[in-house]
Each structure stands twice: as structure tokens, then as C-alpha cells.
Amino acid sequence: MSDAEKGSVGVGLIGLGTIGTGVVKVLKQNADVIQQRLGFPLELVRVSDLDLETDRGVDLDGVTFDADSEALINDPDVDIVVELIGGFDVARRLILQSFEARKHVVTANKALLALHGAEIFGKAAQQGVDIAFEASVGGGIPILRSVREGLAANHIEALYGILNGTTNYVLTEMEATGEAFDVVLKRAQQLGYAEADPAVDVDGIDAAHKLTLLAGMSFGAQLTHKEVSTEGIRGLLPVDFEAAREMGYRIKLLGIAKLHRDGGRQRLEARVHPTLIPRSSLLANVDGVMNAVVVIGDAVGETLFYGPGAGEMPTASAVVADLMEIAREIRRGTAGRVAPLSYLPEVLERKPLVPLGELFGRFYLRFTALDRSGVLGHLTGVLGENEIGIESILQKGQGEAAQSESGGATGSVPVCVLTHPTREAAVRSALERIDELPDVTAPTRLLRIEERF
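Take a look at the structure:
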């Protein structure tokens with residue numbers, strides 16, 4: 001049956017978990033405003049999930065609900081397939097099958113797109129259908145649509161993002177309470193802000209997935225998350241937050257992407273790691289589970305996008321917005337109006353990556369050393385031999401409290417150093433020597449500093 005004949009655009013939903021349930025709620029509760037904005041109904045006609053017994057608290061009357069996702073894909077009343085099961089192999093297969101059936105797709109599967117995006121986007125273009133994925137980055141923040149269309153007239157110069165609510169909550173609480181990482185992480189799990197296995201979040205992997213999509217869309221770069229230099233927040237200590245505060249900074253897990261244009265040569269910088277940023281900056285004041293992204297364009301200047309980065313309803317809001325956009329294009333016959341990554345597929349290209357060793361800036365170093373005469377001189381001596389200037393030094397405390405915070409052996413204290421601007425390669429070279437000194441009792445922690453905000 002044609003769209004004109006049935007008077008609506010049909011939606012099939014695969015995956016009735018937290019986000020899928022939210023999508024049903026938004027489609028049902030906001031059906032009036034959706035139709036007022038579209039001029040026709042957006043109708044949920046079929047839902048597929050392996051769990052048919054759990055009560056999700058949503059009304060599925062009139063909706064076919066079963067476990068047969070392939071039947072959903074091939075249902076002639078389904079125009080758009082929503083994939084919300086997550087993961088890789090099954091989700092990838094279902095998305096590609098949807099394209100073969102000439103169905104448009106909406107997904108929130110950032111991990112899949114960060115690994116197999118080139119294949120999926122290429123197949124969608126080949127079949128003449130759309131794929132939309134606003135909910136994969138930033139939850140309810142319309143960051144992808146803004147970069148893809150609203151900032152399309154700009155050369156994007158850089159972007160900086162707090163892209164993971166779990167880690168932002170943990171860092172906020174560690175600073176506010178002075179508690180250790182494990183204590184705060186356990187509380188985050190109890191509150192539902194962190195998974196039972198938090199590795200994808202706290203090791204920076206989730207943020208790297210999101211940065212991959214943002215960088216591809218901002219710079220026309222073919223990139224996978226495996227190419228993003230990624231560090232998590234494990235190993236941060238309360239003393240790091242105390243020292244950062246005294247130095248005028250806060251610690252945030254940032255996703256950073258920049259395009260270096262050297263004549264006709266372009267190189268991409270893409271990294272995720274804990275970062276010291278000035279306390280006065282807007283990003284520094286994004287707390288709790290909130291997300292924010294700063295995008296800098298040559299014409300528009302600096303823009304800030306802020307909001308809830310996860311959760312049932314914010315993410316569902318983004319999914320339904322994608323459904324509405326595709327529904328309009330179905331009605332107008334304009335599928336593929338804008339390429340998934342904004343740039344035309346033929347101009348997307350792999351760009352050489354800037355090695356971390358070439359980064360130039362200031363660094364925070366936390367040494368862990370025995371509290372004895374002459375140790376500080378040894379540390380600063382090695383830094384000096386590598387032409388690394390020191391802006392400030394903080395030696396935090398004495399005795400048991402300092403030893404506990406330092407993570408080192410008995411009698412150890414943390415020594416926190418802020419360097420003058422230098423190359424990271426020089427710092428790494430110095431740390432190799434410093435960590436071999438007999439008075440240094442634990443590996444040195446390096447944190448990068450970003451000043452431009």
C-alpha cells in the first residue's frame with residue numbers, strides 16, 4: 001500500500017528496551033504535535049523484541065508485537081525501521097536487511113556506526129534510502145543535526161565535547177566530595193548512572209565512539225573509533241582534583257577533534273582523555289550526567305550545545321525527531337537529501353592522524369615519590385634536561401593521608417607539577433627516566449591541559 005493510500009508513514013521498532021519504550025511513549029503521547037508538524041500521522045505499526053512478557057507500561061493496542069524482526073523488516077506497512085537492540089553483528093545484519101528491503105533506518109547504535117559506518121552509509125546510498133542516527137551522540141542534544149546542516153557553511157576548526165554522562169558524574173562527585181574513584185563509581189551504579197560493567201564508559205570507549213561520528217561529520221573524515229587515541233578516568237586520585245582546583249582548573253573527560261591545515265595537507269587530531277580546563281570556561285561548569293559540545297567554525301565562531309546526554313526520554317526525543325525528518329523526505333520524494341555525514345560520499349577520505357607526541361601545550365604531572373631530601377631536585381633536574389619549564393609545583397601533604405592519596409609505597413607523597421608549554425614527546429621522554437628513579441614509587445600520571453575556551 002502506498003504512503004498516499006494509507007495516509008501515514010509506518011514505523012517498525014526493533015528493540016523494546018529502555019529507549020525503545022521511550023520511543024513508544026513519545027509517539028503515543030505526542031501524536032498530536034507530531035501530526036501538526038508533519039501534516040500526516042507517524043504510525044507505530046509493528047514492534048519486535050525477544051522478551052514478549054515484561055510489562056513496559058506502554059499501550060501497544062493495534063500494534064503487531066512479536067519476536068520476528070525479519071517479518072517486521074519485510075512488512076509492507078513499515079516504511080522506517082528503528083534499530084534499538086545495540087551491539088554489532090545482529091544489529092548490522094538487520095540494518096543491511098532493511099536497506100535491501102528499501103526501508104529507511106533510524107538507529108542510536110554509535111558503537112556499530114563508529115566501526116562499520118562506511119559500509120552502512122555506503123549501502124544506504126546504494127539503495128536510495130536514509131539512515132539517521134541523531135540519538136547516537138548526545139542523547140537529547142541535537143548536535144549531529146546542527147553540525148550536519150546548521151553549520152554546513154563552515155570549515156569546522158575544532159570540537160570539544162563532554163560526551164559521556166557516567167564519567168562526568170564520577171568526576172563531578174570526586175571533586176565535590178574528595179572521595180576515591182571506586183567509591184563514587186559504586187554510587188553511580190546504585191543510582192543507575194553506570195552499568196554493572198562500566199568499562200565502556202570509564203575507559204573512554206563510549207566517548208570515542210561518539211567522537212568518531214562527530215569528527216567524520218565535522219571534517220569529512222573516514223575514521224573508526226580504533227584510531228581515536230583513548231584514555232579513561234581510572235587512576236585519577238582525589239589529590240588530582242585538589243591540585244587542579246588550586247591551579248585554576250577542573251578535570252573533565254573530553255573528546256577533542258581538530259583539523260590541521262598545513263597548505264594543501266590536512267591532518268586530523270582525534271583524542272579522548274581526562275583534561276584540565278580553566279574553571280571559568282563554559283565546559284568546566286557542565287556537571288553531573290549532563291553533556292556539552294563546543295564546536296568552532298570559521299564563520300560562526302564558537303557555539304555551545306548542552307543538555308542531557310542519555311536517558312529514556314531525551315534519547316527517545318532524538319529518535320522520534322529522526323523519524324519525523326525521514327517521514328517528510330518520504331512524502332516529498334527527497335530521500336538522501338543530505339548525506340549521513342553531511343559531506344558527499346565521494347569526497348570523504350581518510351586523513352593522516354596527528355601523533356600525540358606532536359601535541360604542544362601545558363601538562364599536569366603527578367609524581368609519586370618518597371618524602372626525603374633531594375627528591376624534588378632530581379625530578380626537576382630531569383625535566384630541565386629535557387627543556388621542560390615548570391610553572392608551579394604543589395607537594396601535597398605528609399604522612400598517611402598523603403601516602404594513601406599518592407598510591408605509592410610507604411613514605412610516598414604526591415608531587416604535582418604544572419609545566420610551561422612544550423611538546424608531549426619531550427614530556428614522555430622525561431617521564432621514562434623519572435619513573436626509573438629509585439625514589440619514584442609509582443608511575444607518573446600525565447594529564448593534558450586545554451586552554452582555548
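If you count the sequence shown from 1, position 296 lands on 296 in the working numbering, and the numbers rise without skipping.
We put the beta carbon where it would ideally sit given N, CA and C, even for glycine.
- Within the stretch 374-441, the runs of alpha helix (DSSP H) that reach at least 4 residues and sit entirely inside it are, in chain order, 375-385, 399-406, 424-434.
- Between residue 168 and residue 291, the C-beta spacing is below 9 angstroms.
- When DSSP reads this structure, residue 160 sits in a beta bridge with 256, 294.
- Across the structure, residue 241 and residue 174 are spaced so that their CA atoms are roughly 8 angstroms apart.
- For residue 56, same chain residues with a beta-carbon under 7 angstroms away, outside a window of 5 residues either side, are 16, 21 in chain order.
- Per the DSSP secondary-structure output, residue 83 pairs in a beta bridge with 14, 107.
- Following the DSSP letters along the chain, one finds residue 238 inside the alpha helix (DSSP H) bounded by residues 238-247.
- Counting of Cβ neighbours within 10 angstroms places residue 280 among the exposed residues, the total staying below 16.
- For residue 68, the CB contacts under 8 angstroms within the same chain, skipping 5 residues up- and downstream, are 48 in chain order.
- Close CB contacts of residue 336 within its chain, under the 7 angstroms cut and outside five residues either way in sequence, are with 125, 128, 130 (chain order).
- The three-state secondary structure of residue 98, taken from DSSP, is helix.
- About 7 angstroms separates the beta carbons of residue 256 and residue 450, which is inside the 8 angstroms limit, making them a contact pair.
- The beta carbon of residue 188 is closer than 7 angstroms to those of 166, 169, 170, 194 in its chain, skipping five residues each way along the sequence.
- When the Cα atoms are used, residue 235 and residue 200 turn out to be separated by approximately 16 angstroms.
- DSSP places residue 332 inside the alpha helix (DSSP H), whose first and last residues are 312-332.
- Annotation: residue 78 to residue 366 spans about 57 angstroms, alpha carbon to alpha carbon.
- Taking all protein chains shown into account, residue 347 has fewer than 16 neighbouring C-beta atoms within 10 Å of its C-beta and is therefore exposed.
- In chain order, 160, 162, 252, 277, 292, 294, 453 place their CB closer than 7 angstroms to the CB of residue 283, counting only its own chain and leaving out the 5 sequence neighbours on each side.
- When DSSP states are grouped into helix, strand and coil, residue 57 belongs to the coil group.
- Per the DSSP secondary-structure output, residue 340 pairs with nothing in a beta bridge.
- In this structure, residue 368 lies near residue 441, with their beta-carbon atoms less than 9 angstroms apart.
- Relative to the Cα of residue 19, the nearest Cα in the group 9, 109, 38 belongs to 109.
- For residue 277, there is no enclosing alpha helix (DSSP H); the residue is part of the beta strand (DSSP E) that begins and ends at 265-278.
- In this structure, DSSP gives residue 88 a state outside helix and strand, which the three-state scheme calls coil.
- Linking residue 228 to residue 157 through their CA atoms gives a straight-line distance of about 17 angstroms.
- For the options 248, 239, 146, the alpha carbon positioned closest to that of residue 179 is the one of 239.
- Ranked by how close their Cα comes to the Cα of residue 208, the residues 225, 214, 219 have 225 in first place.
- Residues 165, 168, 169, 172 of the same chain have their beta carbon placed closer than 8 angstroms to that of residue 288, with the five preceding and five following residues left out of the count.
- Note that the C-beta distance between residue 318 and residue 139 is below 9 angstroms.
- The alpha carbon of residue 446 has as its nearest neighbour, out of 437, 426, 438, the alpha carbon of 426.
- The three-state reading of DSSP puts residue 345 in helix, counting H, G and I together.
- For residue 301, the enclosing beta strand (DSSP E) begins and ends at 301-308.
- By DSSP's assignment, residue 448 forms a beta bridge with 275, 363.
- Non-local beta-carbon contacts of residue 380 in its own chain, meaning distances under 7 angstroms to residues more than five positions away in sequence, involve 390 in chain order.
- In the three-state reduction of the DSSP assignment, residue 233 falls in the coil class, being assigned neither a helical nor a strand state.
- A distance below 6 angstroms between beta-carbons, with the five flanking residues on each side excluded, links residue 359 to the following residues of its chain, in chain order: 424.
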